[in-house]
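Structure first, commentary second.
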């Protein structure tokens, strides 16, 4: 069985083969061929991951760490970085999540992307993403991790801007990449400091050295290891903040919903965005040495969880609600790992991957259905004229299939989607016995044990979570259809609904992997797990039920037409408008940073570059030209005057000889 | 002295020159093919250098030495080490690519054009192999003339201004270098680099060392170009024909950084250490400044030109980290920049040939019209912005790591320079977005859909792309041979730099 | 008893100066040319004088070369004058100033 | 004053006189003829300085060939006299002043103590016979000598190119 471990690199290789086949040969095949290649590549990676998992399980717990060097990658002077893989419970967990959810979403996307002119390209990107994400989680050193880290960012860029004809989507893609780069800037600095501190970038030696030596000599100074590690972990966390969309760099994720829905599910919910959580867990040794850093991680996570949850309440776009929900849930995970609850954080990462992917895919099914409905209804009637509304918020675009105000009553048109969506929503809200209940509960239990203030913040966030999910359920599925399109919506085909069912199943049972009591997952990844806390469980369950009930009371049959204002607008007008506008954070960023950068660029390019720098050069040239213009008058063109000048020179030179002799 | 392989690589293009001289002006196709085949053959011959290169050797290999002007101790003295090896290969490759890329772009004075290209190639290779300072200077100056003519004759509307600016600006620096070379030669009685390195004790530690360092540094800094000596570059790039820009960015700029590495560091080690914070400071300013100014451009070519300022800043930062990691990264980054920026200029050229404009506001949505072209561009853009897995990342990461570990530079340099990586993403992706994404902003773009890439346009890009991936995935192919030579340079610099930090 | 060398040199100097004066004051291109020849001859005289003094024939060889150069120069120069005359219809050097800066 | 000295001064007077006459002639033909006189006197000086070969060359090449060329061109162009006025009033006085200064400098140089040694004339050991000069030209100075042939060829071609219509 151990032989499998030597071939773990195949998990990365299969998607690469898939993408190469599709990229170079895909245009000769029809959709079917492309789909088969991509899905098989992904499935093969899943099989490899499962085999690796089995192989690891077959070893005694303390021997579940295998490293395999593929080849020495960078050898420049003292900088030696191998391209090597690390197989341990943590990476295998991530591999299973990535390939498992990834394969399901691949299959779903075959249906979702059907008929798209760039079908082939989509699957090339998806396979590239899988490979990159696997590199990220399987690398045995920070630099290999960083390759994956950046490559998944690239895939995210490509897939957000997949429909690049729409400039706003292209701009969202660029925003995502640039904001991530800002995080990576900190991450890079962290890598540099890691290297000068430890002389290597490999996980194993770094963790060993960090634990063993109390001091480190840097630039001639002897510094306490603890302080250096604190700086390192803070810098690394900047990267995690970018990738996992935490305060203050979360602003890219809501815009990232511009991508196709399977992408939102896979990249922007289940896998890529959790890379930050994975990285912090991976560096647990370092973070545990640096209480300042882990405290910061916990607080940033908790505040992000709360902030994003409140924003989600004020959104009308079905995917935006889920996007803010993702940010919020990532905040939960961050808070957990910041508090040292690595098991809880990773556990929530796994369950969240299931139910959030489920929610996104189901949302995609809703959007798909609504688009069908729009086509169907467009034939029967012309553009609908909407009366102007008194709301301070802009009315919905009648052709926007993502605006929840255009939905309603879809329960009957899309029953399967409705049921799976409900399972996902309840899992997210944290109702027992669904997966979300166990994982979230473990986080809250951890928090109460270590930092009650954070527990409080997270509990409030959980309350909002249940509320906005309730709001969403009612707006989408209950009541009567508010548009013709919603009335004509159709259920999606089996290639899309079967993945939904699979994921729904996962969302129900995934909680079992770390069932309170035996805590098998905690044993597997060898981190501590908080014991089951009945008080916490009860509180959060009751709060979730209250929140769902509140949503039911507020939203039941209150929106009858698309232009009806949101009921919350009447009760808490200022707050709702604020939440709708995401508390104006994005706008302020735009004002300060983006426009500031434009102004700086314009200033440097015009007055400074043209005026000062090139101006100096051209000024010197002009001075020379002007002097020459004066001097050229000496050149009269009369040969005798030149001769006279020569004569003056001769006399002068001879005189000089005479005088110096 | 065995077979004069190095001289063969240097002067082989002259065979092409000779053949072309005997062709009539109207035989344009024949002239093109002779030029291309000669330079392609030169590239293949230069591959023999890699094959026969002894990577365990730190000193110069393939050395050839013959008296040239014995009265003044000037020799024809050439040789190759692990540093110049890659630059010579880059030169032969980029030259062949540049010639191939001109097949349809150059339609006037074809004969003169290809003659100049081949002569330029001789001079450029000469710069990288010369070990005699006087010989180096001759080759160095000789590159100016063909480039001046290439810009001045086949350039854009303001070509004469750009050509004269390029010529005069670089000449000003070279003159100072000539003075320094003469001083060194008179002091030691030899112009040979190994002799000078052996005798550097004469001036190291004196005030003369600093002045000599500065005299060389100004010449090289203008060539690099190091901020704020860069203002000739955008003009020259914008006006030059595509192949001229490719060569300018791909090779000529490397002559500056190569000069720093070959002469300034080993000959004036103490001055290098003293001046490192200043030079590295200018490099960092250049990285940020080039990136921000690049963002504000509307002309794609100008954008790429300013991006060169930024990228060369990284190379300079790596060199003046004065340690093995930084210098190896810098050498690799020279090659990377030659490939990536060269490819960007080729890409802009392909577009310009079809649309006769480079104003980004007049494009948009090109990816839908030319999918293959768009994808190739994206790969090059990603390489240029330092995406891991591609070549740019290896160079930038190693440079920044070297700078961070440097004894002479503080962490602030690295922090600021690393921010340049963020800015690179901004300006390059904005460029990509303005040209390739969204909807077409000019109906004339619709024609592009009917003009797919031609064979020679693909043929110039494919080798570059292969190398972009190769360097990114297996940089050790390139780090390996330069290792010992870089260690030797670091050895001259003294300190514990061998260890890396 | 021989005439001492300085006499010859002084004579050479006088002739040279006269040639220079001629070059400077005459406007006729042909006369300017003749003045140049006069100066060359003055120089030749100095060469021969020193050759005699040092008993070296190299001086005479040099004069031989000067003569050849002078012959070539006169041929080219007069051809130039002819060309100038054809375009300007004058050999007044003050009529020609196209090289004026 | 002994005979050679007297003869020297006589000759010198003719040389200077013919030069001055050449400079002041209004007619170019006259000037050319005066120059011939000057060249012949210089050839005589060459003879007294033990350079018979050069003296002969001087007469044949200079007084003969070159001056004939001059006269030929003067006649061809018909430009014996030049009309018009001197346009630069400062040219003539300045020229004379500078020439005077130069002459003074040279004479001063020759009168300086270091030039005293020149006064005593050593005995003649090397005479510039055609054989002696020829031997030197065809041995040590062979290369420059051959070069002069190229020079003359170039001059010849140059003249043809220049005067071709």
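Chains as they are written, first to last, in our numbering: chain A, 1 to 661; chain B, 1001 to 1501; chain C, 2001 to 2101; chain D, 3001 to 3165.
Think of the CB as a built atom: it goes at the ideal place given N, C-alpha and C, for glycine as much as any other residue.
Remember, it's a predicted structure, so these values are computed and weren't measured experimentally.
Contact note: residue 3108(D) does not reach chain C at a C-beta cutoff of 7 Å; the least C-beta distance is about 11 Å. With a contact defined as Cβ atoms closer than 8 Å, residue 2094(C) and residue 2028(C) miss out at about 10 Å.
Within the stretch 3011-3024 of chain D, no residue has a Cβ lying closer than 7 Å to any Cβ of chain A. Between residue 470(A) and residue 547(A), the beta carbon gap of about 6 Å places them in contact (Cβ cut-off 8 Å). Taking a Cβ-Cβ cut-off of 8 Å, the neighbours of residue 2038(C) in chain D comprise 3019, 3022, 3035, 3038, given in sequence order. Within 8 Å of the CB of residue 3073(D), the CB atoms of chain C belong to 2030, 2078, 2081, 2082, in sequence order along the chain. Excluding its 5 nearest sequence neighbours in each direction, residue 550(A) has C-beta neighbours in its own chain below 8 Å: 467, 470, listed in chain order. For residue 1270(B), the uninterrupted alpha helix (DSSP H) run begins and ends at 1269-1295, by DSSP.
Between residue 260(A) and residue 323(A) a beta carbon distance of about 14 Å is seen, past the 8 Å cut, so the two are scored as non-contacting.
Proximity to residue 1155(B) across 1241(B), 1394(B), 1120(B), 1215(B) peaks at 1241(B), based on C-alpha coordinates.
In terms of beta-carbon proximity, residue 3101(D) lines the interface with chain A, with at least one pair separated by less than 9 Å.
Relative to residue 1117(B), the option among 1037(B), 1384(B), 1056(B), 1287(B) whose CA is nearest is 1037(B).
The distance from the Cβ of residue 3037(D) to that of residue 2079(C) is about 26 Å, inconsistent with a contact at the 8 Å cut-off. The secondary-structure analysis by DSSP pairs residue 141(A) across a beta bridge with 202(A). Between residue 519(A) and residue 281(A), the C-beta gap is not smaller than 9 Å, which leaves the two residues out of contact.
Contact check for residue 1256(B) against residue 1290(B) fails: the beta carbons are separated by 9 Å or more.
Against chain A, the CB of residue 3131(D) has no partner CB under 9 Å away; the residue lies outside that interface. In this structure, the beta-carbon distance from residue 351(A) to residue 427(A) falls below 9 Å.
Three or more beta-carbon pairs separated by less than 8 Å link the stretch 112-126 of chain A to the stretch 30-50 of chain A, which places the two stretches in contact.
When 557(A), 69(A), 290(A) are compared, the shortest CA-CA separation from residue 211(A) is found for 290(A). With respect to the 9 Å criterion, residue 276(A) and residue 242(A) are classified as neighbours on the basis of their beta carbons.
Runs of alpha helix (DSSP H) with 4 or more residues, each lying fully within the stretch 506-552 of chain A, are found at 520-525, listed in chain order.
A contact is defined here as three or more CB-CB pairs under 8 Å, and the stretch 1213-1229 of chain B meets this definition with respect to the stretch 1163-1181 of chain B.
Between residue 1403(B) and residue 1271(B), the beta carbon gap of about 19 Å keeps them out of contact (Cβ cut-off 8 Å).
As a beta-bridge residue in DSSP terms, residue 81(A) pairs with 74(A). Along the stretch 1062-1090 of chain B, the beta strand (DSSP E) occurs as fully enclosed runs of 3 or more residues at 1074-1080, listed in sequence order. DSSP lists 217(A) as the bridge partner or partners of residue 222(A). Using a Cβ-Cβ cut-off of 9 Å, residue 637(A) counts as an interface residue toward chain C, since at least one Cβ of chain C sits closer than that to its own. Residue 1025(B) has its alpha-carbon roughly 50 Å from the corresponding atom of residue 598(A). Chain C has no Cβ within less than 9 Å of the Cβ of residue 626(A). Within the same chain, and ignoring the five residues on either side of residue 23(A) in sequence, the residues whose Cβ sits closer than 7 Å to its Cβ are 124.
In the DSSP assignment, residue 648(A) forms no beta bridge with any residue. For residue 48(A), the CB contacts under 6 Å within the same chain, skipping 5 residues up- and downstream, are 10, 11 in chain order. Checking the DSSP bridge columns, you'll see residue 403(A) partnered with 317(A).
Taken through DSSP and simplified to helix, strand or coil, residue 2044(C) comes out as helix. Think of a sphere of 8 Å around the beta carbon of residue 1314(B): no beta carbon from chain A falls inside it, the nearest being about 13 Å out.
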